[in-house]
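Peer 1: Heads up: the sequence shown at position 368 corresponds to 370 in my numbering, and the numbers run straight through without jumps. Beta carbons: idealized from backbone N, C-alpha and C, even for Gly. Note that the structure is a prediction, hence the values are computed from the model and not measured.
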Amino acid sequence: MATMSSFVRPENHSLESLFQRPSANKLSTSNTVTISTAEYRRLVDTASHFAKLKESLLSGGLSQQTLDLIIHGEPQPSPDVRQNGKEHPTRNQVSPAHSYPDAPTGKTQPGNTVLSSELDEDEDTLTESRSDDRDDDYGESSRSTESSSPRAEQRTVLIRGLPDRTTHGDIVDSVKGGAILHIYLWARDHTASVSFVEEAGAQNFLDHTRAYGFYVAEKRVEVLWNDRQFYLPPFVRAKIINGATRNLVIYNADPNITEGLIRRDLDHIHNLIVISVKSKNGNVYIQTNSIHNALFARSCMMSRLTYKGMKIAFSHDECAEPLAKIPTRPKRDTSAAPVKKSVPLPNRFHLLSIEGSEDEEREDLRGW
Numbered sequence: 003m004a005t006m007s008s009f010v011r012p013e014n015h016s017l018e019s020l021f022q023r024p025s026a027n028k029l030s031t032s033n034t035v036t037i038s039t040a041e042y043r044r045l046v047d048t049a050s051h052f053a054k055l056k057e058s059l060l061s062g063g064l065s066q067q068t069l070d071l072i073i074h075g076e077p078q079p080s081p082d083v084r085q086n087g088k089e090h091p092t093r094n095q096v097s098p099a100h101s102y103p104d105a106p107t108g109k110t111q112p113g114n115t116v117l118s119s120e121l122d123e124d125e126d127t128l129t130e131s132r133s134d135d136r137d138d139d140y141g142e143s144s145r146s147t148e149s150s151s152p153r154a155e156q157r158t159v160l161i162r163g164l165p166d167r168t169t170h171g172d173i174v175d176s177v178k179g180g181a182i183l184h185i186y187l188w189a190r191d192h193t194a195s196v197s198f199v200e201e202a203g204a205q206n207f208l209d210h211t212r213a214y215g216f217y218v219a220e221k222r223v224e225v226l227w228n229d230r231q232f233y234l235p236p237f238v239r240a241k242i243i244n245g246a247t248r249n250l251v252i253y254n255a256d257p258n259i260t261e262g263l264i265r266r267d268l269d270h271i272h273n274l275i276v277i278s279v280k281s282k283n284g285n286v287y288i289q290t291n292s293i294h295n296a297l298f299a300r301s302c303m304m305s306r307l308t309y310k311g312m313k314i315a316f317s318h319d320e321c322a323e324p325l326a327k328i329p330t331r332p333k334r335d336t337s338a339a340p341v342k343k344s345v346p347l348p349n350r351f352h353l354l355s356i357e358g359s360e361d362e363e364r365e366d367l368r369g370w
């Protein structure tokens with residue numbers, strides 16, 4: 003009697019079918035993603051807002067090439083191979099996106115993340131140095147330099163010994179001789195970094211301060227070359243050639259456009275300092291601390307319904323005024339102290355004469 007074997011030997015084609023079935027199911031489901039209806043609608047709104055923002059930026063004068071650079075970032079270069087044979091990959095230029103605050107319509111503006119992302123990129127790439135542990139307004143950056151180009155342009159000066167409570171306004175009121183590219187202020191260290199658009203402007207300013215001194219808020223300060231030089235990207239240089247400055251102007255501004263509204267609308271832009279907002283002849287003049295941040299601020303304002311129909315352009319940089327040939331020191335309070343009335347010196351024998359007269363009067367009374 004034959005016994006039944008406890009083992010079953012499947013045929014090869016059946017075995018292959020069993021092995022392929024899980025992977026087939028995996029492949030069939032890998033091309034689909036299941037999301038909720040609310041998430042789908044949010045993605046549709048995001049795409050719509052992004053398209054509108056692109057259209058607004060292009061209509062405002064931004065070139066398609068620059069827009070593509072902002073959205074996708076620069077191409078990833080090949081790793082930097084050093085002499086020791088170790089590879090040091092270049093960091094990705096695309097920063098994580100940071101969303102803008104809600105627009106007046108109450109809906110988020112996902113497209114605005116492009117601008118904020120570019121701001122974070124500028125924070126790291128517009129300067130030619132590596133970061134250290136320094137905790138200051140410049141964020142990740144430091145003052146130690148390691149130039150990535152064969153020759154770094156000399157356009158950044160360091161101002162040391164600033165008085166307490168120095169503001170960006172005090173600095174721009176004192177600096178002359180060239181348009182300003184960017185200003186950083188370290189209030190705790192009483193120092194500031196001022197970058198000029200042109201190297202000649204920085205050199206002339208430094209020579210002038212060495213010859214005549216330099217004063218900020220009525221205090222003499224020290225000016226020297228900064229160890230880390232500010233890098234001017236080509237696309238920012240192109241904007242400067244076309245008239246971009248660190249200052250903006252809103253022509254024929256609506257009366258509802260107030261200083262508080264402008265500051266709130268621009269408050270989200272990283273490292274942007276709105277120095278002053280002034281109204282004159284129906285126009286609103288906005289003074290900022292840097293050109294590239296002013297570019298982002300202008301694009302952001304043009305994308306908002308609040309400023310629809312208003313012309314937003316760049317205005318004159320007062321720091322571009324020529325240096326004074328004979329600088330004058332800050333005026334101090336020279337009001338003379340009140341002159342005291344001259345008091346005649348007392349006669350040291352006057353007391354004796356008074357006592358003598360009293361004795362004579364007593365003798366006369368006794369004679370009576």
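For F198, list the residues DSSP reports as bridge partners.
Peer 2: Answer is I182.
Peer 1: Locate the beta strand (DSSP E) running through T290, then write down its first and last residues.
Peer 2: Element bounds for T290: 285-290.
Peer 1: Rounded to the nearest angstrom, what separates L64 and E220 at their Cα positions?
Peer 2: Distance between the alpha carbons of L64 and E220: 42 Å.
Peer 1: Should Q231 and T158 be called a contact, given that it needs their Cβ atoms to be closer than 7 Å?
Peer 2: The answer is yes: Cβ separation under 7 Å.
Peer 1: Tell me, to the nearest whole angstrom, how far the beta carbon of V276 is from that of S317; I am working on the premise that it is less than 8 Å.
Peer 2: Going by Cβ atoms, the distance from V276 to S317 rounds to 14 Å, so no, they are not a contact pair.
Peer 1: Could you give the first and the last residue of the continuous beta strand (DSSP E) run that contains S278?
Peer 2: Its beta strand (DSSP E) spans residues 276-282.
Peer 1: Check A160 in the structure and name its three-state DSSP category.
Peer 2: In the sequence on display, residue 160 carries Leu and not Ala. L160: strand per DSSP, three-state reduction.
Peer 1: Would you kindly work out how many angstroms separate the C-alpha atoms of W188 and I37, rounded to a whole number?
Peer 2: Roughly 47 Å separates the two Cα atoms.
Peer 1: So, is D267 buried or exposed, given that buried needs 16 or more other C-beta atoms within 10 angstroms?
Peer 2: Buried: at least 16 other Cβ atoms inside 10 Å.
Peer 1: Between K178, S50, L164, which has its C-alpha nearest V199's C-alpha?
Peer 2: The shortest C-alpha separation from V199 is found at K178.
Peer 1: With distances taken from CA atoms, which of A296, I161, R44, N283 is nearest G215?
Peer 2: Comparing Cα positions, the closest option is I161.
Peer 1: Please report how far the alpha carbon of S176 lies from the alpha carbon of V218, in whole angstroms.
Peer 2: Going by the C-alpha atoms only, they are around 6 Å apart.
Peer 1: Taking the alpha carbon of I185 as the point to measure from, which residue in V279, F298, N291, N254 has its own alpha carbon closest?
Peer 2: Of the candidates V279, F298, N291, N254, the one whose C-alpha sits nearest the C-alpha of I185 is N291.
Peer 1: Leaving out five residues on either side along the sequence, give the residues of the same chain with a beta carbon under 6 Å from the beta carbon of K313.
Peer 2: If we look at K313 and ignore the five residues flanking it on each side, its Cβ neighbours are Y253.
Peer 1: For D47 and L297, what's the separation of their Cα atoms in angstroms?
Peer 2: Spanning the two alpha carbons is a distance of roughly 26 Å.
Peer 1: Based on the DSSP output, what are the partners of F216 in its beta bridges?
Peer 2: DSSP output for F216 lists V223 as bridge partner(s).
Peer 1: Just to confirm, are A299 and I264 a CB contact at a threshold of 7 Å?
Peer 2: Their beta carbons are not under 7 Å apart, which means A299 does not touch I264 by this criterion.
Peer 1: Pull up the CB-CB distance for T247 and I293, whole angstroms please, since I reckon it's below 8 Å.
Peer 2: So it is a contact: roughly 6 Å between Cβ atoms.
Peer 1: From this set, E41, N33, H51, which residue's C-alpha is nearest R306's C-alpha?
Peer 2: When only C-alpha atoms are compared, the closest one is H51.
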